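In UniProt numbering, the protein residues as written are 1 to 134. Think of the CB as a built atom: it goes at the ideal place given N, C-alpha and C, for glycine as much as any other residue. Note that this is a predicted model, so its numbers are computed, not measured. Worksheet for the structure shown next.
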Amino acid sequence: MVSKLFVNLPVKNLGKSIIFFADLGFTFNLKFTNDVAACVEVAENMFVMLLAEKHFMAFTQKNVSDATRYTEMLVALQLDSKEQVIEMVNKAVESGGSTYMEPKDHNGMYGHSFADLDGHQWEVFSMDSASSAK
1 MVSKLFVNLP VKNLGKSIIF FADLGFTFNL KFTNDVAACV EVAENMFVML
51 LAEKHFMAFT QKNVSDATRY TEMLVALQLD SKEQVIEMVN KAVESGGSTY
101 MEPKDHNGMY GHSFADLDGH QWEVFSMDSA SSAK
């Protein structure tokens with residue numbers, strides 16, 4: 001069974017990306033952070049590895065996609081409240097990110113989205129307990 005999840009994302013400027021995610025309130029696992037990689041602690045046993053593009057290329061034989069032009073994946077994070085969703089998206093925009101979809105409020109689920117400095121798409125949402133039980 002899976003014990004931890006690591007999502008690896010290529011970044012053009014690791015220093016700026018570290019500041020961006022710190023501004024969103026994330027912490028970093030310093031054991032896995034150095035001059036070519038930073039380990040963002042998303043939740044218990046869930047991490048996003050920000051890898052300098054050149055270092056990222058050591059793990060694949062394919063070209064790195066331009067996330068500002070093509071969707072490679074959507075990273076989705078469930079937060080505890082609508083207010084936390086709004087706060088995270090606002091912090092992302094204030095820190096140099098951008099929104100790419102309008103917020104949606106549907107049957108107890110509120111969602112919004114932002115793109116980080118490299119164009120990776122992040123979906124953030126909250127669900128009331130009645131909605132999540134369905």
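Simplified DSSP assignment, three categories, for G96:
Under the three-state reduction of DSSP, G96 is assigned to coil, being neither helix nor strand.
Return the residue from the list S98, M109, G111, D35 that minimises the CA-CA distance to D118.
D118 has its Cα closest to that of S98, out of S98, M109, G111, D35.
In terms of residue numbering, what span does the beta strand (DSSP E) encompassing L14 cover?
Run containing L14: none in the beta strand (DSSP E); it sits in the alpha helix (DSSP H), 14–23.
To test your reading of the DSSP string, which unbroken alpha helix (DSSP H) runs of 4 or more residues are found completely within the stretch 38–90?
Segments of the alpha helix (DSSP H) lying fully in the stretch 38–90: 53–56.
Using only alpha-carbon positions, find the residue among M49, F20, F21, E102 that is nearest to V36.
Measuring from the Cα of V36, the nearest candidate turns out to be M49.
Taking E123 as part of the beta strand (DSSP E), name the residues at either end of that continuous run.
Element bounds for E123: 121–127.
Reduced DSSP category for K31 - H, G, I as helix; E, B as strand; rest coil:
In the three-state reduction of the DSSP assignment, K31 falls in the helix class.
Give the single residue among H106, V11, A52, S95 whose Cα lies nearest to the Cα of G25.
Selected option, being the one with the closest Cα: S95.
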